[in-house]
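Here is the structure we will look at, set down as structure tokens.
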Amino acid sequence: MGEFDGLVAVVTGGASGIGAAVVAALHERGARVAALDLQAVDDGDGLLGVRADVTDDASVRQAIAAVVDRFGGLDIVVNNAGIGAQGTVEDNDDAEWQRVLDVNLLGMMRVSRAALPHLRRSRAAAIVNIGSIAATAGLPQRALYSASKGGVAALTRAMAADHLAEGIRVNCVHPGTADTPWIGRLLQRAADPDAERAALEARQPHGRLVSPQEIAHAVLYLASPLATSTAGAGIAVDGGMQEL
Ligand code: NAD
55 MGEFDGLVAV VTGGASGIGA AVVAALHERG ARVAALDLQA VDDGDGLLGV
105 RADVTDDASV RQAIAAVVDR FGGLDIVVNN AGIGAQGTVE DNDDAEWQRV
155 LDVNLLGMMR VSRAALPHLR RSRAAAIVNI GSIAATAGLP QRALYSASKG
205 GVAALTRAMA ADHLAEGIRV NCVHPGTADT PWIGRLLQRA ADPDAERAAL
255 EARQPHGRLV SPQEIAHAVL YLASPLATST AGAGIAVDGG MQEL
């Protein structure tokens, strides 16, 4: 018996990194899981890959309808799809600001809006948004990305207030630097990727990157019946970076 037996989950950005770890963690514990992503994810027993773009409202609505059609309902939404951006407030033009906010912030709004009517029919409804330490850390060269993730933190608290009385808990996980293909791509741009990785690890309080599975564990807690009095919370999974 898994603690998510009988529950249905949607994970955006479920093809890679943190999203793929969340898909696996929920599935291992009994949930039927749909991975919504631009990239293909193979179907399996209790696993559904749905090609969808969180910047396209029609695509999101079709994807959520396909999940409910296939699995008969929806209980858990993990809003994880996101993209990065580097630079100060001067370095990105309007189009880039709109592109990143469209994925990282408006994407969460679209998926949540399409899912809410189904979540209202669940007896174990939860939304878990993936933020970042960038939401509050004041990281240099991350103005746009930080603004998008600050928006995620604020949206989480506002949605928690709006939907708790309906039995829908909304919470957030704020990862530190996590060992995903995203970070791998950034490291590959360095002159010496191995040295850059070592320097990045040395900057972490616990001397290593966070694993996607460690972030998935926090998502599992917030999505589970263990967290039935937790709403509007943000859990940092960052090796203590912001706390120490
Ligand atoms: P990743 O690039 O490995 O995976 C992101 C996934 O999102 C990809 O599969 C991609 O196809 C999908 N995606 C991107 N745009 C999409 C769209 N418009 N519609 C649907 N799917 C889309 O990244 P990751 O490192 O696993 O990051 C996942 C989340 O975690 C992001 O929200 C990111 O901001 C957050 N995060 C990551 C780190 C880190 O260090 N890796 C740190 C803090 C927060």
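Sequential numbering from 55 applies to the sequence shown in the numbering used here.
Every residue gets a Cβ at the ideal spot worked out from N, C-alpha and C, and that includes glycine.
For this session: Return the CA-CA distance between Gly98 and Met213, expressed in angstroms with no decimal places.
Result: Answer to the nearest angstrom: the Cα atoms are 32 angstroms apart.
Exercise. Taking the alpha helix (DSSP H) that Pro194 falls in, what are its first and last residues?
Worked result: No alpha helix (DSSP H) holds Pro194; DSSP gives it neither H nor E.
For this session: Look up Asp292 in the DSSP assignment and say whether it is helix, strand or coil.
Result: Coil, per DSSP.
For this session: Could you tell me whether any non-hydrogen atom of the ligand NAD is closer than 8 angstroms to the CB of Ser186?
Result: For the ligand NAD, a non-hydrogen atom lies closer than 8 angstroms to the CB of Ser186.
For this session: May I ask you to report which of helix, strand or coil DSSP gives Val108?
Result: Correct three-state label for Val108: coil.
Exercise. If you follow the beta strand (DSSP E) that Ala94 is part of, which residue opens it and which one closes it?
Worked result: Premise fails: Ala94 is in no beta strand (DSSP E) and is neither H nor E.
Exercise. CB-CB under 6 angstroms to Ala88, same chain, minus the five flanking residues each way: which ones, in chain order?
Worked result: The residues Val64, Leu102, Val104 and Val121, in chain order, have a CB closer than 6 angstroms to that of Ala88 in the same chain once the five nearest residues on each side in sequence are set aside.
For this session: Measure the alpha-carbon distance for Gly138 versus Pro259 and round it to whole angstroms.
Result: For Gly138 and Pro259, the distance between alpha carbons rounds to 22 angstroms.
Exercise. Does any heavy atom of the ligand NAD sit closer than 8 angstroms to the C-beta of Asn146?
Worked result: At a threshold of 8 angstroms, Asn146 does not count as near the ligand NAD, since its beta carbon sits no closer than that to any of the ligand's heavy atoms.
Exercise. Does the Cβ of Ile181 lie closer than 8 angstroms to at least one heavy atom of the ligand NAD?
Worked result: Checking the Cβ of Ile181 against the ligand NAD gives no.
Exercise. Where does Met162 land, buried or exposed, given buried means 16+ other C-beta within 10 angstroms?
Worked result: By the 16-neighbour rule on beta-carbons within 10 angstroms, Met162 is buried.
Exercise. Between the stretch 139 to 152 and the stretch 195 to 209, are three or more C-beta pairs nearer than 8 angstroms?
Worked result: Touching, yes.
Exercise. Under the criterion of a Cβ to heavy atom distance below 8 angstroms, does Val108 qualify as lining the ligand NAD?
Worked result: The closest heavy atom of the ligand NAD lies less than 8 angstroms from the beta carbon of Val108.
Problem set entry | Reference Ala85, options Gln116, Val108, Thr66 and Phe125, closest by Cα | Minimum Cα-Cα distance from Ala85 among the listed residues Gln116, Val108, Thr66 and Phe125 corresponds to Phe125.
For this session: Determine, using beta carbons only, whether Gly71 and Pro235 come nearer to each other than 9 angstroms.
Result: The Cβ atoms of Gly71 and Pro235 sit closer than 9 angstroms to each other.
Exercise. Asp96: beta carbon under 8 angstroms from a heavy atom of the ligand NAD?
Worked result: Distances between the C-beta of Asp96 and the heavy atoms of the ligand NAD are all 8 angstroms or more.
Exercise. Does the beta carbon of Ala106 sit closer than 9 angstroms to a beta carbon anywhere in chain D?
Worked result: Of the protein chains in this structure there is only one, and it is not chain D.
For this session: On the DSSP bridge assignment, give the partners of Ala180 in chain order.
Result: DSSP, once it has assigned bridges, lists Ile130 and Arg223 as partnering Ala180.
Exercise. So the beta strand (DSSP E) Ala63 belongs to, where does it begin and stop?
Worked result: Unbroken beta strand (DSSP E) run through Ala63: Val62 to Thr66.
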